[in-house]
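In what follows, a structure is listed as structure tokens, so that the remarks can point back to it.
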Amino acid sequence: SQKIEQNSEALNIQEGKTATLTCNYTNYSPAYLQWYRQDPGRGPVFLLLIRENEKEKRKERLKVTFDTTLKQSLFHITASQPADSATYLCALPFSGGYNKLIFGAGTRLAVHP
Amino acid sequence: EPEVTQTPSHQVTQMGQEVILRCVPISNHLYFYWYRQILGQKVEFLVSFYNNEISEKSEIFDDQFSVERPDGSNFTLKIRSTKLEDSAMYFCAGSSGTGASIYGYTFGSGTRLTVV
């Protein structure tokens, strides 16, 4: 069955450093992959989408890479700020249905001043 | 920026009672979804809705669940006979692209359902 794996341990980093979060998937060949941010008690907020034919995508301080050979996406936040502290979710379209997005469990990021 | 609005923000109900969770999607969205998140767990897909009918549903979405778009704007999730394990945060989401392949989903702030 299809699996999405994100590091369940919280990532603690110092303000100003680059945060790197990992999303691995198995038994899957997704056409695209998305990253969302979720704050406690709130709904996920869409950040970035990267397609299978794109190696890298950037948006301001965010960068996403997509390696379809390794079946892995990396999500980077450069010059991190305490306001970046949140849970970051990786999401992929379910291959058995065209209209179903499946989320990973997320990785909690804590940026310390 | 347009928002997806969900009401109520918090609902407490007795086990066995029916609940209706409401959502007002963004007007130009065509695809609608319900997700749930049990405390401390992942966001789980329940159902997708397009052109006034269900297009996908998960194993969780059994006969106790139903969705409607009664007046062309509001989008509702009904749970007919709630169980303790239905306690969760329920999120409505929408997308203007096919299967979120272009724009991503816009989520509402959620309804926290507590079944006692």
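Chains S and V, in that order, are what the protein sequence lines are.
The first sequence begins at 13 in this note's numbering and counts up by one.
The second sequence begins at -14 in this note's numbering and counts up by one.
For glycine and all other residues, C-beta sits at the position ideal for the given N, C-alpha and C.
Under the DSSP definition of a beta bridge, which residues are partnered with I23 (chain V)?
Bridge partners of I23 (chain V): none, in fact.
Give the secondary structure of L82 (chain S) by DSSP, where H, G and I count as helix, E and B as strand, and everything else as coil.
The three-state reading of DSSP puts L82 (chain S) in coil, since its state is none of H, G, I, E or B.
Run through DSSP, which three-state label would L102 (chain V) get?
Given a span of -14 to 101 for chain V in the structure shown, any question on residue 102 (chain V) remains unanswerable.
So which residues on chain V does L45 (chain S) lean against when the C-beta distance must stay under 7 Å?
Ordered by position in chain V, no residue passes the 7 Å Cβ test against L45 (chain S), which lies about 11 Å from the chain.
If you draw a straight line from the alpha carbon of L69 (chain V) to that of R73 (chain S), how long is it in whole angstroms?
Rounded to the nearest angstrom, the two C-alpha atoms are 42 Å apart.
Is G84 (chain V) close to chain S? Criterion is C-beta to C-beta, closer than 8 Å.
Because the pLDDT of G84 (chain V) is 48, which lies under 50, any placement of that residue in the model is unreliable, and the number read from its coordinates should be weighed accordingly. G84 (chain V) counts as touching chain S.
For A98 (chain S), which of helix, strand or coil comes out of DSSP?
Secondary structure at A98 (chain S): strand, using DSSP grouped into helix, strand and coil.
Please report the distance separating the alpha-carbon of R97 (chain V) from that of Q(-4) (chain V).
Approximately 6 Å, taken between the alpha carbons.
Count the other C-beta atoms from every protein chain shown that fall within 10 angstroms of the C-beta of M74 (chain V), then say buried if there are 16 or more, exposed otherwise.
So M74 (chain V) ends up on the buried side.
Backbone CA spacing between K42 (chain V) and Q93 (chain S) [nearest angstrom]:
Distance between the alpha carbons of K42 (chain V) and Q93 (chain S) is about 38 Å.
R54 (chain S) by DSSP, collapsed to three states: which one?
If DSSP states are grouped into helix, strand and coil, R54 (chain S) belongs with coil.
With a threshold of 8 Å, are at least 3 pairs of Cβ atoms found where one atom belongs to the stretch 55 to 69 of chain S and the other to the stretch 6 to 17 of chain V?
The stretch 55 to 69 of chain S vs the stretch 6 to 17 of chain V: no contact.
Within chain S, the residues that G79 (chain V) reaches when beta carbons sit closer than 8 Å
Going along chain S, no residue has its Cβ under 8 Å from G79 (chain V), so there is no contact; the nearest lies around 11 Å.
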